[in-house]
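Presented below is the structure to which this report refers.
Protein chains in written order, with the working numbering: chain R, 25 to 332; chain X, 62 to 293.
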C-alpha cells in the first residue's frame, strides 16, 4: 500500500472532523441542526479569497523577499477564514436562532430556516462572484516533508497541524471554561441549566461563532486542494452531517473517531482499482447506513455521555 | 422592613389546565416559610410560576420591588436565567439534574456570578461541610448517585451563589426519614437573614419547629396561614 495514503486519509479526516464537530456541538448544545454550515464554509472561502486579494499585495510590498512572508500569509489566510466563518455563525445566530429558539418545534423550524439561509447564501455568492471556480493563493508551497518515513505535502502538514491545534483549543475551552460547562449542562437538562442561571441565548452565541470559525478553517484548508465556488459547501455539509450522525450526534470524541474512520475509508476506496474515486460516496453512505442499522445511536454512546 | 416577595392574583397552568387560582402571598425578609399540601395541589407549580417555568401565567410577582411576573402564554423558561440572576435559587422537584456531570461540575454550574465562579473551590468546600457525604463523591457522575445524595447535590447547587430567595421543592421526596432530616437540618443552616426561604413539603411533621410559618395549599389555592404548627 502506498504510504502517502495514510497522510491523505488523515488530511481528509482533519477537514471532516472540523465540519462534523461543529454540527455535532450545535445540535447537542442548542438543539439546532445547522443546514447553513455549508454556507459558512463557502462564505469563509470567499472571505479568505477577498481578504487575501486585498492584503497580500500590500504584505508583499512590506515583507517582500523575507523568510517571514509565507508564514504571515498562512496566518492571514487562516485568520480570514476563521474570522469570516465566525461572523457568519453570528449572522446565523441572529437570523435562525434568536427569533425562534423558544417557539414550538424549534428543531424542525431551525432546520428549515438554516436550509433557507444556505440556499439564499449560495445564490447570493453566485450573483456576486459568478459561478466560476476560483482558487485561493497557494501559500503553503509545493514542497514535501518526510515525517516518520511518510511523505507529507506542506498543505497536508499545515491542515493536520492546524486542525489538531484548533480542536485542542476548542476541547480545552469546552473543558476548562464556564461556557463549556454551561454547554454540557444545557445538553443534559435545559431546565436545570436555566435554574442555574445559564441563559441559552447567551451561551448559544459563542457556540455559533466557534462552530462557524471551525467551518471557516475547514474551508481555507480544503481550498488548498479544491477550488472555492458558491456551491463548495454542499459536500462538506453532507459529509460533516453524516459523520456527526455516525459519531452519535453530540459526542465530540465520537465525531473525531467517525471522521478518522470515514477519512480512512475514503482514501482506501479511492485507491482500490475496481472501486476508485467515483465510488467513494457510495461506499461511504453504504458503510454509514450499515453502522446505523447495527447501532442507531452511532459510535458516541460507546465513548461518552451524549444527549439523553 | 419591606416584603421580599409579593405575589398577587397569580394564576398559572399548562395549556388548558389551570393549576393556580389567584394566589396572594407575601413573604418578609428573614422568613422561613413552608407551603404544605398534598401531591398535585400546586406547590410545585407555584415555584415554577415564580421562575417562569409554567406553560402560562398571569398576575403580579414582585421580588424585592422588581416585577418578575406578568401575563404570558409562551416563552416558557425564557426569563428563568434572568430571574435566577436577580437572586432566586430554586432546587427543582425530584432529580432535575445533569446526569452526566460529576458532583464537582454540577456544583460549579450553580456558581453563575463571576465572583462565585472565581471562588468556586472555596464554595464547594462550604457545601461539603454542609453535606459531608458529598466530599468523597466529588468526582462521581451524578447519574449514579442515590436519591439522597442527588438531593444534596441539587440543594448544594442552589447554594453556590448567594440568593435572596430560596425555593426548595420537596426536600424529603423519596428519601429515607433520617436523610430527609439531614437535608432539612442543612436547610436550617442556610443564612437567610436578608433573604427568605420557601419550602414545599408534604411531610408536615418533618418541618415541625424548623420554619417560621406554614401555609396550606389545596386545589391551587392557599388555605389557612397556620403560623407555627406543633404536631404531637
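Glycine included, C-beta positions come from ideal geometry on N, C-alpha and C.
Should residue i go down as buried or exposed, given a rule of 16 or more other Cβ atoms within 10 Å for buried?
i: residue 131(X); result: exposed
i: residue 230(X); result: buried
i: residue 190(X); result: exposed
i: residue 217(R); result: buried
i: residue 276(R); result: buried
i: residue 176(X); result: exposed
i: residue 173(X); result: buried
i: residue 86(R); result: exposed
i: residue 187(X); result: exposed
i: residue 170(R); result: exposed
i: residue 75(X); result: exposed
i: residue 100(X); result: exposed
i: residue 193(X); result: exposed
i: residue 127(R); result: exposed
i: residue 317(R); result: exposed
i: residue 91(R); result: exposed
i: residue 263(R); result: buried
i: residue 103(X); result: buried
i: residue 227(R); result: buried
i: residue 42(R); result: buried
i: residue 189(R); result: exposed
i: residue 314(R); result: exposed
Who are the near neighbours of residue i in its chain, counting only those whose CB is closer than 6 Å to its CB and skipping five residues on each side?
i: residue 228(X); result: 108, 151 and 259
i: residue 257(R); result: 62, 63, 65 and 66
i: residue 75(R); result: 104
i: residue 321(R); result: 272
i: residue 293(X); result: Because the pLDDT of residue 293(X) is 42, which lies under 50, any placement of that residue in the model is unreliable, and the number read from its coordinates should be weighed accordingly. There are no such residues.
i: residue 237(R); result: 106, 109 and 110
i: residue 261(R); result: 61 and 62
i: residue 167(R); result: 178
By Cβ distance below 8 Å, which residues in the same chain neighbour residue i in space, the five residues on each side in sequence not counted?
i: residue 89(X); result: 62, 64, 65 and 257
i: residue 250(X); result: 191
i: residue 244(X); result: 209, 212, 213, 216, 232, 233 and 236
i: residue 137(R); result: 119, 120 and 124
i: residue 160(R); result: 69, 72, 73, 76, 101, 244, 247, 248 and 252
i: residue 94(X); result: 88, 257, 258, 259, 260, 272, 273, 274, 275 and 276
i: residue 168(X); result: 181, 184, 185, 188, 214, 217, 218 and 221
i: residue 264(X); result: 233 and 241
Can the beta-carbon of residue i be found closer than 8 Å to that of residue j?
i: residue 191(R); j: residue 271(R); result: no
i: residue 261(X); j: residue 112(X); result: no
i: residue 268(R); j: residue 53(R); result: no
i: residue 30(R); j: residue 122(R); result: no
i: residue 150(R); j: residue 254(R); result: yes
i: residue 105(R); j: residue 240(R); result: yes
i: residue 254(X); j: residue 126(X); result: no
i: residue 163(X); j: residue 201(X); result: yes
i: residue 277(X); j: residue 270(X); result: no
i: residue 94(R); j: residue 176(R); result: no
i: residue 33(R); j: residue 291(R); result: yes
i: residue 78(X); j: residue 71(X); result: no
i: residue 242(X); j: residue 206(X); result: no
i: residue 223(R); j: residue 209(R); result: no
i: residue 159(X); j: residue 213(R); result: yes
i: residue 68(X); j: residue 145(X); result: no
i: residue 296(R); j: residue 266(R); result: no
Counting only the same chain and skipping the five closest in sequence on each side, list residues whose C-beta sits under 7 Å from that of residue i.
i: residue 219(X); result: 150, 151, 152, 171 and 227
i: residue 307(R); result: 289, 293 and 299
i: residue 329(R); result: Confidence at residue 329(R) is low in this model, with a pLDDT of 49, below 50, so its placement is unreliable and the value that follows should be read with caution. Correct list: empty, nothing qualifies.
Return no unless some Cβ of chain C is closer than 8 Å to the Cβ of residue i.
i: residue 81(X); result: Going by chain labels, chain C is absent from the structure shown, which instead holds the protein chains R and X.
Self-check item: Three-pair Cβ contact test at 8 Å for the stretch 211 to 223 of chain X versus the stretch 126 to 140 of chain X
Solution: No: fewer than three Cβ pairs fall under 8 Å.
Quiz item: Of all the residues that make up the stretch 146 to 167 of chain X, which are near chain R by a beta-carbon distance shorter than 7 Å?
Solution: Taking 7 Å as the Cβ-Cβ cut-off against chain R, the residues of the stretch 146 to 167 of chain X that qualify are 146, 151, 153, 157, 158, 159, 160, 161, 162 and 166.
Practice problem: Taking 8 Å as the threshold, find out whether the stretch 200 to 209 of chain R comes into contact with the stretch 111 to 119 of chain X through three or more Cβ pairs. | Solution: The answer is no - the stretch 111 to 119 of chain X does not touch the stretch 200 to 209 of chain R, with fewer than three Cβ pairs under 8 Å.
Quiz item: If we count Cβ pairs, one from each stretch, closer than 8 Å, do we get three or more for the stretch 55 to 63 of chain R versus the stretch 130 to 138 of chain R?
Solution: Touching, per the Cβ criterion.
Quiz prompt | Chain-ordered residues of the stretch 213 to 230 of chain R with a beta carbon less than 9 Å from chain X | solution = Correct list: 213, 214, 215, 216, 217, 218, 219, 220, 221, 222, 223, 224, 225 and 226.
Exercise. Check distances from the C-beta atoms of the stretch 165 to 190 of chain X to those of chain R and list, in chain order, the residues that come in under 7 Å.
Key: For the stretch 165 to 190 of chain X, the set of positions with a beta-carbon nearer than 7 Å to some beta-carbon of chain R reads 166, 169, 170, 171, 173 and 178 in chain order.
Exercise. Note down, in chain order, all residues in the stretch 133 to 144 of chain X with a beta-carbon under 8 Å from any beta-carbon belonging to chain R.
Key: Shown in chain order are the members of the stretch 133 to 144 of chain X whose Cβ falls below 8 Å from a Cβ of chain R: 135, 136, 137, 138, 139, 141, 142 and 143.
Quiz item: Should the stretch 281 to 288 of chain R be regarded as contacting the stretch 37 to 47 of chain R, the criterion being three or more beta carbon pairs within less than 8 Å?
Solution: A contact exists between the stretch 281 to 288 of chain R and the stretch 37 to 47 of chain R.
Practice problem: Select from the stretch 90 to 112 of chain X all residues with a C-beta closer than 9 Å to any C-beta belonging to chain R, and list them in chain order. | Solution: Correct list: 112.
Quiz prompt | Sufficient close CB pairs (3 or more, under 8 Å) joining the stretch 301 to 315 of chain R to the stretch 75 to 90 of chain X | solution = With the cut-off at 8 Å, the stretch 301 to 315 of chain R and the stretch 75 to 90 of chain X do not touch.
Quiz prompt | the stretch 105 to 114 of chain R / the stretch 226 to 234 of chain R touching (three or more Cβ pairs under 8 Å) | solution = Touching, yes.
Practice problem: Closer than 9 Å, Cβ to Cβ, to anything on chain R: give me those residues from the stretch 202 to 235 of chain X, in chain order. | Solution: Answer set for the stretch 202 to 235 of chain X: 202, 204, 215, 218, 219, 221 and 222.
Exercise. Return the residues of the stretch 189 to 211 of chain R that lie within a Cβ-Cβ distance of less than 7 Å from chain X, sorted by chain order.
Key: So the list reads 202, 205, 208 and 209, given in the order they occur along the chain.
Quiz item: Any residues in the stretch 105 to 135 of chain R with a beta carbon nearer than 8 Å to a beta carbon of chain X? Which ones, in chain order?
Solution: Cβ contacts with chain X: 126 and 127.
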